[in-house]
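Student:
Protein chains: 2
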Amino acid sequence: MKDAPMYIPNLDDMLAARVRIAPHVHRTPVLTSSFLNELTGAELFFKCENFQKAGAFKVRGASNAVFGLSDEQAAKGAATHSSGNHALSLSYAAGRRGIPCHVVMPRTAPQAKKEAVIAYGGKITECEPSTSSREEVFARVQEETGADFVHPYNDPRVIAGQGTCSAELREQVEGLDAVIAPIGGGGMISGTCLTLSNLAPEVEVFAAEPEQADDACRSFRAGHIIADDAPVTVADGLKVPLKDLTWHFVSHHVTDILTASEQEIIDAMRLTWARMKIVMEASSAVPLATILKNRERFAGRRVGVIITGGNVDLDRLPWMES
Amino acid sequence: MKDAPMYIPNLDDMLAARVRIAPHVHRTPVLTSSFLNELTGAELFFKCENFQKAGAFKVRGASNAVFGLSDEQAAKGAATHSSGNHALSLSYAAGRRGIPCHVVMPRTAPQAKKEAVIAYGGKITECEPSTSSREEVFARVQEETGADFVHPYNDPRVIAGQGTCSAELREQVEGLDAVIAPIGGGGMISGTCLTLSNLAPEVEVFAAEPEQADDACRSFRAGHIIADDAPVTVADGLKVPLKDLTWHFVSHHVTDILTASEQEIIDAMRLTWARMKIVMEASSAVPLATILKNRERFAGRRVGVIITGGNVDLDRLPWMES
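Shown next as structure tokens:
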């Protein structure tokens, strides 16, 4: 989409995505915890995308992109550069459609991540761990294969797909006052804004971000995109910067962006595992961490909390490392 | 119940339990995993009692006992000796009814377990870590308080309560061929037998047990109760022996008892966490471990798997200890 004029996905795109991806994704359950409700004073409704296909909400956007391709384009496959949940999700979706999925990953990426992509049917091309090498290798792969580039978040098809999550949540929980989700590149938050600004504009949208990767928060306050170079946080899904499309939604529809420290994120993660008995990523704990430290903004309200994913290295849990 | 003639709970007791405990327990969800279905060749339906109140199915039986007490008896409270989920569950249920719960625990029990019982409102009396001390201290507590003794499993009220789990499962999943649950003292298996032998006698009931604590399996083969002294297994909820009431159900209604090694249990536990994104106890992994090694008995069948609990020490996961 790099050189095309920016197309902003709308409600029709989300509704079409919903129909398109329905056979390929779960309608994930919403869990509640009386313990966490008492602790926060709010009524929290956890939308469990950690139970989603491929372990994360990203499969919604990836499936929408893959199943929206023309047969001709589909035959050439899909491609992306990512070492995270988007790579898994795109591999999964391409596999369901029976088309190739090319993933460019740094050769230094953890072996477990490479194996997971391969297990979902993705074909990995390694690059050096630098932006220039990644772009060069990716351009070559695209030229050789003609595969369609599906960006992890700055793509209208992906945002429309992510928007299906809050469309479900709204049907599962009546009378929501707010929805909160983590923000990295802004794909989930943009989809949430797309859906709720159209279908339930009274619902506030909050984004939650690690203090140590708070570029979206600073962008929000400054009124323009600020990109950090290489932030370090336990919430490793949230290191990437906003881009033009996601900035559109963030700047127009988000009520506020709240931040939490590394320790607050780890504590909220452990608390959720211990009390809700679910495996979720550190990134998914950032919303609860910010709710706990901004009690007055959420107490007495009905709040949807998007648990974005559950792909965790079970041999290295962050609360064991300090 | 020690000296009373053995009362065997029946379908009416289970149905009454269901009504009695409904306000106090969750109707837990049933999750599926296409990955685990492919791996086993079976269709598995996981009944997630790890999401249950107090983190385990034990709250069903404990609530049935507590809420079935006369007002007069209730005023004197409930009592048990346990350092596991039953102690938590009885404390929770007694707290809901607003009555005291006395728990006798060895002074050597982990501090975290003591704190959990206290957090649920239980009152701990410590004993020495020996059977004689436990019995002596428990008798004294009972005499002083007049509290009603609720045995962790060899109690008709408890078995009737545990039977509500498979009553729900049967409503949630059509056409089950079999149900499998872990077996320690046999409370869950007995409740399952009670319910299914009456409501769905075509459904086979399998029990799953650690090889290293296989007293129920050996009892089943021998035709009488064999109690081990102090078995050692990672599945620490499954160390206790059968008693007369649970032996009644096991010997009359169980199709077979299957066993798994420590490593097989740990592997199945880790696999479930990784793939299903749920936190569950090692005990809860024994059924999957036995399904994986007895593929031919389950392939092509619709199998309910009871995930019994999720109260895990998150700082000490068994796959990290080897």
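As you go down the protein sequences, you meet chains A and B in turn.
So the first sequence is numbered by the UniProt record's numbering: it starts at 1 and just counts up by one.
So the second sequence is numbered by the UniProt record's numbering: it starts at 1 and just counts up by one.
Glycine included, each C-beta is placed from N, C-alpha and C at the ideal position.
Computed from a predicted structure; not experimentally measured.
With a cut-off of 9 Å, does the C-beta of P29/B fall near any C-beta of chain A?
Tutor: Locating residue 29/B in the second sequence gives position 29, counting from the first residue. At least one chain A Cβ lies under 9 Å of P29/B.
Student: Residues of the segment 252-285 of chain A in Cβ contact with chain B at a cutoff of 9 Å, in chain order, please.
Tutor: R270, W273, A274, R275, M276, K277, I278, V279 and M280
Student: In chain A, which residues lie less than 8 Å from G310/B when you measure between Cβ atoms?
Tutor: In the second sequence, the residue the question calls residue 310/B occupies position 310. Against G310/B, the close residues of chain A are K277, in the order they occur along the chain (beta-carbon pairs closer than 8 Å).
Student: Return the residue from the list G175/B, L288/B, A285/B and V250/B that minimises the CA-CA distance to E202/B.
Tutor: For the purposes of this step, residue 202/B is identified with residue 202 of the second sequence, where counting begins at 1. The option with the nearest alpha carbon to E202/B is G175/B.
Student: Give the residues of chain B in contact with D315/A, contact being defined as C-beta atoms less than 8 Å apart.
Tutor: Position 315 of the first sequence holds residue 315/A. By Cβ distance, chain B contributes W319 and M320.
Student: Using a Cβ-Cβ cut-off of 9 Å, state whether F45/A counts as contacting chain B.
Tutor: By one-based count along the first sequence, residue 45/A stands at place 45. No, because no Cβ of chain B sits closer than 9 Å to the Cβ of F45/A.
Student: Which residue wins for smallest C-alpha separation from F206/A, given the options L271/A, L39/A and I183/A?
Tutor: Taking the first residue of the first sequence as position 1, residue 206/A is located at position 206. When each option's Cα is compared against that of F206/A, the closest is I183/A.
Student: Output needed for R60/B: all residues of its chain with C-beta closer than 7 Å, excluding positions within five of it in sequence on either side, in chain order.
Tutor: Counting from one through the second sequence, the residue named residue 60/B turns up at place 60. Closer than 7 Å at the Cβ level, and outside the excluded window around R60/B, lie I21, V25, G161, Q162, T164 and C165.
Student: Smallest Cα separation from residue 387/A: which of G68/A, A112/A, M14/A and E168/A?
Tutor: Only positions 1 to 322 of chain A appear in this structure, which leaves residue 387/A out of reach.
Student: DSSP state of V286/A, grouped into three classes?
Tutor: Within the first sequence, the letter at position 286 stands for residue 286/A. Three-state result, V286/A: helix.
Student: Taking the CB atoms as reference points, tell me whether P210/B and K58/B lie closer together than 9 Å.
Tutor: Counting from 1 along the second sequence, the entry for residue 210/B is found at position 210. Counting from 1 along the second sequence, the entry for residue 58/B is found at position 58. Against a cut-off of 9 Å, the Cβ pair of K58/B and P210/B comes out as no contact.
Student: Measuring only between beta-carbons, confirm whether M1/B sits less than 9 Å from chain A.
Tutor: Taking the first residue of the second sequence as 1, we reach residue 1/B at position 1. Low per-residue confidence applies at M1/B: pLDDT is 46, beneath 50, and the placement is therefore not dependable, though the value from the model is reported in the following sentence. Not closer than 9 Å to any Cβ of chain A, the Cβ of M1/B fails to qualify, so no.
Student: At the level of alpha carbons, what is the spacing between P106/B and A87/B?
Tutor: Here residue 106/B corresponds to residue number 106 of the second sequence, with the count starting at 1. Here residue 87/B corresponds to residue number 87 of the second sequence, with the count starting at 1. Rounded to whole angstroms, P106/B to A87/B spans 13 Å at the Cα level.
Student: For chain B, find out if any of its Cβ atoms is closer than 9 Å to the Cβ of C165/A; answer yes or no.
Tutor: Locating residue 165/A in the first sequence gives position 165, where the first residue counts as 1. Not closer than 9 Å to any Cβ of chain B, the Cβ of C165/A fails to qualify, so no.
Student: List the residues of chain B whose Cβ lies closer than 8 Å to the Cβ of G55/A, in chain order.
Tutor: Taking the first sequence and counting its residues from 1, one reaches residue 55/A at position 55. Residues of chain B passing the Cβ test: K277.
Student: Cβ of N50/A less than 9 Å from any chain B Cβ?
Tutor: To locate residue 50/A, count along the first sequence from 1; it is residue 50. True, the Cβ-Cβ gap to chain B drops below 9 Å.
Student: If you reduce the DSSP assignment to three classes, tell me which class H102/A lands in.
Tutor: Stepping through the first sequence from its first residue, residue 102/A is reached at position 102. Three-state DSSP puts H102/A in a strand.
Student: Residues in the same chain with beta-carbon distance under 7 Å from R97/A, minus the five sequence neighbours each way, listed in chain order, please.
Tutor: Position 97 of the first sequence, counted from the first residue, corresponds to residue 97/A. Excluding sequence neighbours, R97/A sits near V66, F67 and A74.
Student: Less than 9 Å separating the beta-carbons of P318/B and I266/B?
Tutor: Within the second sequence, the letter at position 318 stands for residue 318/B. Within the second sequence, the letter at position 266 stands for residue 266/B. A contact, by the Cβ cut-off of 9 Å.
Student: In this structure, how does DSSP classify P156/B when only helix, strand and coil are distinguished?
Tutor: For the purposes of this step, residue 156/B is identified with residue 156 of the second sequence, where counting begins at 1. Annotated three-state conformation of P156/B is helix, per DSSP.
Student: Out of V303/B, M188/B and H248/B, which one is the CA nearest neighbour of N37/B?
Tutor: In the second sequence, counting from the first residue as 1, residue 37/B sits at position 37. It is V303/B whose Cα lies nearest to the Cα of N37/B.
Student: Given a threshold of 16 other Cβ atoms within 10 Å of its Cβ, counted over all protein chains shown, does M6/B qualify as buried or as exposed?
Tutor: Within the second sequence, residue 6/B is the residue found at index 6, counting from 1. Exposed is the call here.
Student: Which residues bound the beta strand (DSSP E) around K47/A?
Tutor: The residue given as residue 47/A occupies position 47 in the first sequence. Residues E43 to C48.
Student: Quick one: is V305/B near chain A, going by C-beta distance under 9 Å?
Tutor: Indexing the second sequence from 1 puts residue 305/B at position 305. Closer than 9 Å: no.
Student: On the DSSP bridge list, what partners appear for G309/B?
Tutor: Along the second sequence, one-based indexing puts residue 309/B at 309. Paired residue(s): A56/B.
Student: From the DSSP output, read off the bridge partner residues of C127/B.
Tutor: Locating residue 127/B in the second sequence gives position 127, counting from the first residue. Bridge partners of C127/B: P106/B.
Student: With burial defined as no fewer than 16 other Cβ atoms inside 10 Å of the residue's Cβ, what is the status of A78/B: buried or exposed?
Tutor: Taking the second sequence and counting its residues from 1, the one referred to as residue 78/B is at position 78. Classification for A78/B: buried.
Student: Given A104/A, which residues of its chain have a CB within under 7 Å of its CB, disregarding the five upstream and five downstream residues?
Tutor: The sequence position of residue 104/A within the first sequence is 104, counting from 1. The sequence given here places Val at residue 104/A; Ala does not occur at that position. Excluding sequence neighbours, V104/A sits near H81, T125, C127, R134, V137, F138 and V141.
Student: Taking the continuous alpha helix (DSSP H) assigned at D315/A, which residues delimit it?
Tutor: Counting from one through the first sequence, the residue named residue 315/A turns up at place 315. Unbroken run through D315/A: none, as it is neither H nor E.
Student: Comparing C-alpha positions only, which one of P156/B, T131/B, G84/B and R301/B sits nearest to residue 361/B?
Tutor: A question about residue 361/B goes unanswered here, because the residues of chain B that appear run from 1 up to 322.
Student: I need the boundaries of the beta strand (DSSP E) containing D177/A, first residue and last residue.
Tutor: Numbered from its first residue, the first sequence carries residue 177/A at position 177. Run containing D177/A: none; DSSP gives neither H nor E here.
Student: Might you give, ordered along the chain, the residues of its own chain that have their beta carbon closer than 8 Å to the beta carbon of A299/B, omitting 5 neighbours on each side?
Tutor: Residue mapping note: residue 299/B aligns to position 299 of the second sequence, counting from 1. Hits under 8 Å: T40, G41 and A42.
Student: So, do the segment 277-284 of chain A and the segment 307-316 of chain A have three or more beta carbon pairs nearer to each other than 8 Å?
Tutor: yes
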